[in-house]
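Enquirer: Please find one structure pasted underneath; my questions will follow.
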Amino acid sequence: MITPPNSKREHSLITAPAAGDDLRQRAGPPGVSRGVIIALLLLLFLGLLDVQIISPILPKLAASFHTTIAAMGIAVTVYAVAASACALVIGPLTDHFGRLPFLRWAALIFAVAAAAAWLAPAFPFYLGARLLAGIAGGAISAGVIAQMADFFPYESRGRAMGWIGAMYFAAAVAGVPAAALLAGNLGWRALYLVLAVAAGCLAFGLFALRAARTDRMMSAAMNAQWPIHWRLAPLVTGQIKAYSHYWRAARTRQGLLLALAVSATASLLLTYLGVWLTDRFGMSTSAIGVVFLVTGLASTVTALTGGWWADRFGKRRVIVLSSALLAIILPVLAYVATPLQLYLACAAGGIFLAVREGPFQALSTELVPVQQRGAYLALRNFTSQLTIAASAAAGGLLYQTFGFSAICFVAAGCSVLALIVAARASVHQSD
Numbered sequence: 151m152i153t154p155p156n157s158k159r160e161h162s163l164i165t166a167p168a169a170g171d172d173l174r175q176r177a178g179p180p181g182v183s184r185g186v187i188i189a190l191l192l193l194l195f196l197g198l199l200d201v202q203i204i205s206p207i208l209p210k211l212a213a214s215f216h217t218t219i220a221a222m223g224i225a226v227t228v229y230a231v232a233a234s235a236c237a238l239v240i241g242p243l244t245d246h247f248g249r250l251p252f253l254r255w256a257a258l259i260f261a262v263a264a265a266a267a268w269l270a271p272a273f274p275f276y277l278g279a280r281l282l283a284g285i286a287g288g289a290i291s292a293g294v295i296a297q298m299a300d301f302f303p304y305e306s307r308g309r310a311m312g313w314i315g316a317m318y319f320a321a322a323v324a325g326v327p328a329a330a331l332l333a334g335n336l337g338w339r340a341l342y343l344v345l346a347v348a349a350g351c352l353a354f355g356l357f358a359l360r361a362a363r364t365d366r367m368m369s370a371a372m373n374a375q376w377p378i379h380w381r382l383a384p385l386v387t388g389q390i391k392a393y394s395h396y397w398r399a400a401r402t403r404q405g406l407l408l409a410l411a412v413s414a415t416a417s418l419l420l421t422y423l424g425v426w427l428t429d430r431f432g433m434s435t436s437a438i439g440v441v442f443l444v445t446g447l448a449s450t451v452t453a454l455t456g457g458w459w460a461d462r463f464g465k466r467r468v469i470v471l472s473s474a475l476l477a478i479i480l481p482v483l484a485y486v487a488t489p490l491q492l493y494l495a496c497a498a499g500g501i502f503l504a505v506r507e508g509p510f511q512a513l514s515t516e517l518v519p520v521q522q523r524g525a526y527l528a529l530r531n532f533t534s535q536l537t538i539a540a541s542a543a544a545g546g547l548l549y550q551t552f553g554f555s556a557i558c559f560v561a562a563g564c565s566v567l568a569l570i571v572a573a574r575a576s577v578h579q580s581d
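Going by the working numbering, the sequence shown opens with residue 151, and the numbers climb by one from there.
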C-alpha cells in the first residue's frame, strides 16, 4: 500500500547525497540519450505554448464564439481543472511505472485535443477540446519535470531546471509571437491546426524513440524502493493519506504555498496582458505578439543563466531576490504611458519571472524522495492549476471592475507571498 513519507525520509532530504549516489545521478540512467532529453523539452514546449497562446488570441476567440472576455476565462479554468485532476492520478503511477510511457500517450492526446479545437464549431465544443488538452497537459507538466529531476542531482539541478524554465519562456519568444502573427493573418483555427500537426509528429517520434531500456531501469529503481499492492481501496486510501501528509508537513507545505504564489502571479499577468494591450494602447494581435517577443527574449536568456546562479548561490536566495524585484516592478507596469516604458517594464517583469523559475522547480523536486517525486509534483501542479483556475476567473472580474492596475497589484502581492515562503524554507544544505 502507498504510505505517506515518514520522518526518517524527511530528515534525509536535508542531508547531502552519498558520493556514489551523486555520481550515478550526474551520469543519468544508462541508456538515456540526448534525444530523450530533447524530446522531453520539446513536449513541454508544446504543452506550454498551448496555454500561453490564449492571451494574444483571447479577443479573437471571444469574437468568434460571440461571448465576452470574462466568459472566455472559463476556457482557462476548464483546462486548469482538467490538468490538475489528471496530474493527481498520473503522478503516483509514474513513480511506479516510470515517466516516459505516460508522456508518450500524453503527446498523442494533446495532438487530438488541438485538432478538436481547430474544428470546434461553437464555444461548448471548444471547451471540450480544452478539457482534453488539460488532461494531456497535466501529465506533461509534472511528468517532464519529475523525469528531468531524476536525471540530475540537486547541486546541479538548477541548471537542468533552467532548461525547463527556458522552455516556458521560449514558448513566449518563438511560439506566442508566431502564433499571434499566424492568428492575425489566417485566423486562430490555423494556429490549432499547426499545434495538432506538431504534436502528432512529436508523439510519433516519442513512440518510435528507443528508450525502452530507460523505462525499465527507472521503473525497476522505483519499484525497489516503493512496492505497491494492487488493491484499489488501499491504493486510493494510501495516496490520499500521502497527499494530506504533504499539506501537514511544514517543508512540503512550504513548497505547495510557493507554487500557489508563483502560479497566481504568472496566470494573472499572462492571461490579461493581451487584452490590456488592446484596450490601453489599441494594439492589434500582431503588435501584441511583438510585446510577447520582447518579453520572452529577455526571459529565455535569463532562465538559462538563472539556473546557473541558483546552483552557485542557492535556490532559495535567488527566489527571494527575484520575488522582491517582481513586487516592485509589477505595480509600475500598470502606469506605463509610452511604448518604450511598456517594453522596458514587460522585459523587466519577464526577467524576474524567469530568474525565479529554475530554482523554484529545483527546490520543489527535492522536497520528497525520488520514489514519491511524481506524486508530490502532481499535488504541487494540482495546487498550481487550481490557483490558475481561480486567478483566471477572479482576474476577469478584477479587470472588468477595476482595470489592469488591480491585476498588477494583486500579482505583486502574490510575489510578496512567494518571498515570505521562500525566505522561511529550508530544503538543502547548499541553500
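For each residue, glycine too, the CB sits at the ideal point set by N, CA and C.
Using only the alpha-carbon positions, how far apart do VAL571 and LEU407 sit?
Expert: About 7 Å.
Enquirer: Check the C-beta distance from VAL518 over to THR402 and give it rounded, since I have them as a contact under 8 Å.
Expert: 7 Å
Enquirer: Can you find the residues in the same chain that come closer than 7 Å, C-beta to C-beta, to MET448, ignoring five residues on each side of it along the sequence?
Expert: The sequence as given places Ala at residue 448; Met does not occur at that position. Correct list, in chain order: ALA497, GLY500 and ILE501.
Enquirer: Grab the span of the alpha helix (DSSP H) containing HIS246 for me, first residue to last.
Expert: 219-247
Enquirer: Tell me which residues share the same chain as ASP171 and place their Cβ nearer than 7 Å to its Cβ, disregarding the 5 neighbours each side in the sequence.
Expert: Caution is warranted here: a pLDDT of 40 is assigned to ASP171, below 50, making its placement in the model unreliable, and the coordinate value is therefore given only provisionally. So the list is empty, once near-sequence residues are dropped.
Enquirer: Considering only the alpha carbon of each residue, which of ARG466, VAL226 and LEU490 lies closest to ALA544?
Expert: VAL226
Enquirer: Would you mind sorting CYS564 into buried or exposed? The rule is 16 or more other CB atoms within 10 Å of its CB.
Expert: By the neighbour-count rule (16 or more Cβ atoms within 10 Å), CYS564 is buried.
Enquirer: Does the beta-carbon of LEU558 have 16 or more other beta-carbons within 10 angstroms, so that it is buried, or is it exposed?
Expert: Residue identity check: residue 558 is Cys in the sequence provided, not Leu. Per the 10 Å Cβ criterion, buried.
Enquirer: Consult DSSP for SER434 and reduce its assignment to one of helix, strand or coil.
Expert: coil
Enquirer: Shortest alpha-carbon distance to ILE314 belongs to which of VAL186, ALA411 and LEU191?
Expert: LEU191
Enquirer: I'd like to know whether the C-beta atoms of VAL520 and ASP200 end up nearer to each other than 8 Å.
Expert: no
Enquirer: For ILE224, tell me which candidate among ILE204, GLY405 and ASP245 has the shortest Cα-Cα distance.
Expert: ILE204
Enquirer: Using a Cβ-Cβ cutoff of less than 6 Å, which residues in the same chain neighbour PHE252 once the five nearest sequence positions on both sides are dropped?
Expert: Answer for PHE252: ILE240, THR244, ALA289 and GLY293, listed in chain order.
Enquirer: Going by Cα to Cα distance, which pick from LEU547, ALA573, ARG523 and SER555 is closest to ARG249?
Expert: ARG523
Enquirer: Between the C-alpha atoms of VAL451 and ALA322, what's the straight-line distance to the nearest angstrom?
Expert: 12 Å
Enquirer: With a Cβ-Cβ cutoff of 8 Å, do ALA220 and SER417 count as a contact?
Expert: no
Enquirer: Considering only C-alpha positions, which residue in the set ALA265, ILE285 and ALA230 is nearest to ALA256?
Expert: ILE285
Enquirer: Measuring CA to CA, which of MET317, LEU343 and GLY312 is closest to ALA329?
Expert: Out of MET317, LEU343 and GLY312, the CA that lies nearest to the CA of ALA329 is found in LEU343.
Enquirer: Where ALA358 and GLN202 are concerned, what is the direct C-alpha to C-alpha distance, given to the nearest angstrom?
Expert: 28 Å
Enquirer: Would you kindly work out how many angstroms separate the C-alpha atoms of PRO179 and ASP429, rounded to a whole number?
Expert: Unreliable positioning characterises PRO179 in this predicted model, as indicated by a pLDDT of 44, which lies under 50. The coordinate reading is nonetheless provided below. Rounded to the nearest angstrom, the two C-alpha atoms are 51 Å apart.
Enquirer: Please return the same chain residues whose Cβ sits closer than 7 Å to the Cβ of LEU423, not counting the five positions on each side in sequence.
Expert: SER205
Enquirer: Report the rounded CA-to-CA distance for CYS236 versus PRO242, giving the unit in angstroms.
Expert: 11 Å
Enquirer: Using 10 angstroms around the beta-carbon of LEU336, count the other beta-carbons present and answer buried if the total reaches 16, otherwise exposed.
Expert: Classification of LEU336: exposed, given that the 10 Å Cβ count is below 16.
Enquirer: Cα-Cα, which of LEU345, GLY287, LEU476 and PHE275 is closest to GLY325?
Expert: LEU345
Enquirer: Among VAL566, ARG184, PHE319 and PRO274, which has the Cα closest to the Cα of ILE479?
Expert: Ranked by Cα distance from ILE479, the first of VAL566, ARG184, PHE319 and PRO274 is VAL566.
Enquirer: Tell me the DSSP secondary structure of ILE570 in three-state form.
Expert: helix
Enquirer: Whole alpha helix (DSSP H) runs in the region 490-554 with 4 or more residues, listed along the chain?
Expert: 523-552
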